[in-house]
Amino acid sequence: MTLRQENSRGENIHMWAQAKILLFKLLEIIHNAITGIGIGTNFAWGLAIIALTLLVRLAMHPLTAKQMSSMQKMQKLQPQLNVLQEKYADDKDKLNQETMALYKEHGVNPASGCLPLLIQLPIFILLYGVLYDFTKTEAFTNVTFLGVNLGGSVLTTVADALRLVDESGVRIPNEQLGFVMVLFSSFTNLSLLFSNVGIWIGNFILLLLIAYLTWLQQHLSSAGNPQMAMMSWFMPLFLTFICFGLPGGVLLYWGVSSLMGIIHQMRVSRKTSEEMKTKPVLYKEKPKAK
134 MTLRQENSRG ENIHMWAQAK ILLFKLLEII HNAITGIGIG TNFAWGLAII
184 ALTLLVRLAM HPLTAKQMSS MQKMQKLQPQ LNVLQEKYAD DKDKLNQETM
234 ALYKEHGVNP ASGCLPLLIQ LPIFILLYGV LYDFTKTEAF TNVTFLGVNL
284 GGSVLTTVAD ALRLVDESGV RIPNEQLGFV MVLFSSFTNL SLLFSNVGIW
334 IGNFILLLLI AYLTWLQQHL SSAGNPQMAM MSWFMPLFLT FICFGLPGGV
384 LLYWGVSSLM GIIHQMRVSR KTSEEMKTKP VLYKEKPKAK
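In this note's numbering, the protein residues as written are 134 to 423.
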């Protein structure tokens, strides 16, 4: 790596760190404003995370709407694209020409759905990083919101309920907790697990809710596309596994963001369906005049 590349990498890291600090401060400002109207500090942290999530989603609304609209229109055009592919299977140039004509007729740009996503991705990763780091600070120690431990994950809260310790009787650090370890300990100590159900149930319910919202979001996205049907089941399972180790504050952000995304997606889908009804249907062969 050259000196210029190292300097560029250092500047990018510095900019990323500064952006995280700004979001940190924004979260604290929102929290202080909420506590200023008489709401308790613990509950205020949960509301602050929700408010920050809403602000980010609203700021990204124009890009998200454009991305979803493009995806919905592409799905609606899939049967017509299949007709073109069958009709011009031996003429790739003609297929490309007719495909682009179909896109132009319906006002669809295949690349328009990708650019907004690429712009949004760094912002969402940044917000995730801020919340992940923040929920590890002392400010979030034993902070709960509607039964959800904002600083603890499903793994750590279950471990707390089971009072997991090592051979010397010292509590096992969170960094050393593994999914298999906690799962095995849960099945071998069910009575202790359920006698302390209040410690972990909030985070677990939130995790299940996120799994359902992910499935619903994937289901809406893959409607009418058999090739994507498998993803509607794979993604919820995959993300649920990942979320076992994420702090409750991050899960709260994820859940609220997913819920807003679904509501937005349903509205865009309804609007796109109405728009597409006014478009002419592409026939494989021109219909004969009666």
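Think of the CB as a built atom: it goes at the ideal place given N, C-alpha and C, for glycine as much as any other residue.
Practice task
Out of P306, F312 and G262, point me to the one whose CA is closest to L155's CA.
Solution key: G262
Exercise for the section: Give the straight-line distance between the Cα atoms of K421 and D223, rounded to the nearest whole angstrom. Expected result: In this predicted model, K421 has a pLDDT of only 49, less than 50, meaning its place in the structure is not dependable; the value taken from the coordinates is given anyway. The alpha-carbon atoms of K421 and D223 are separated by roughly 25 Å.
Exercise for the section: Determine the direct distance from the alpha carbon of F367 to that of S391, and round the result to whole angstroms. Expected result: 17 Å
Practice task
Kindly list the residues whose CB is nearer than 7 Å to the CB of T232, restricted to its own chain and excluding five residues on each side of it in sequence; keep chain order.
Solution key: L214 and L217
Handout entry: Cβ of I375 within 8 Å of any chain B Cβ
Key = The structure shown contains no chain B, having only a single protein chain.
Handout entry: Residues of its chain near F374, where Cβ-Cβ distance is below 8 Å and the 5 sequence neighbours each way are ignored
Key = F312
Exercise for the section: If I'm right that L353 touches I395 with Cβ under 8 Å, what's the distance once you round it to whole angstroms? Expected result: 7 Å
Practice task
With distances taken Cα to Cα, identify the nearest neighbour of I182 among L384, H397, V303 and Q398.
Solution key: L384
Practice task
Report the rounded CA-to-CA distance for L346 versus F337, giving the unit in angstroms.
Solution key: 14 Å
Handout entry: Alpha-carbon to alpha-carbon, F371 and L342
Key = 14 Å
Practice task
Please classify S324: is it buried, with 16 or more other beta-carbons within 10 angstroms of its beta-carbon, or exposed?
Solution key: exposed
Problem - T277 to L283 span [Cα, whole Å] - result: 6 Å
Exercise for the section: Look at the alpha carbon of T274 and the alpha carbon of L159, and state the distance between them as a whole number of angstroms. Expected result: 20 Å
Problem - Minimum C-alpha distance to H164 - residue among F157, A177 and I170 - result: A177
Exercise for the section: Could you spell out where the alpha helix (DSSP H) holding A184 opens and where it closes? Expected result: T174 to A192
Practice task
Could you tell me which residues DSSP pairs with F278 in its beta bridges?
Solution key: V281
Handout entry: Cβ pair I332, T290 closer than 8 Å
Key = yes
Problem - Supposed contact pair G382 and T268 - C-beta distance, whole angstroms, cut 8 Å - result: 4 Å
Practice task
Please work out which residues of its chain come closer than 8 Å, Cβ to Cβ, to I334, disregarding the five sequence neighbours upstream and downstream, and give them in chain order.
Solution key: G280
Exercise for the section: Kindly indicate which residue of L187, V330 and L210 has the alpha-carbon position closest to the one of H397. Expected result: L187
Practice task
Tell whether a beta-carbon distance below 8 Å holds between P380 and S286.
Solution key: yes
Problem - Three-state secondary structure (DSSP) of S296 - result: The amino acid at residue 296 is misidentified as Ser; the sequence shows Arg. R296 falls in the coil class under three-state DSSP.
Handout entry: CA nearest to the CA of L264, picked from R400, A152 and G169
Key = A152
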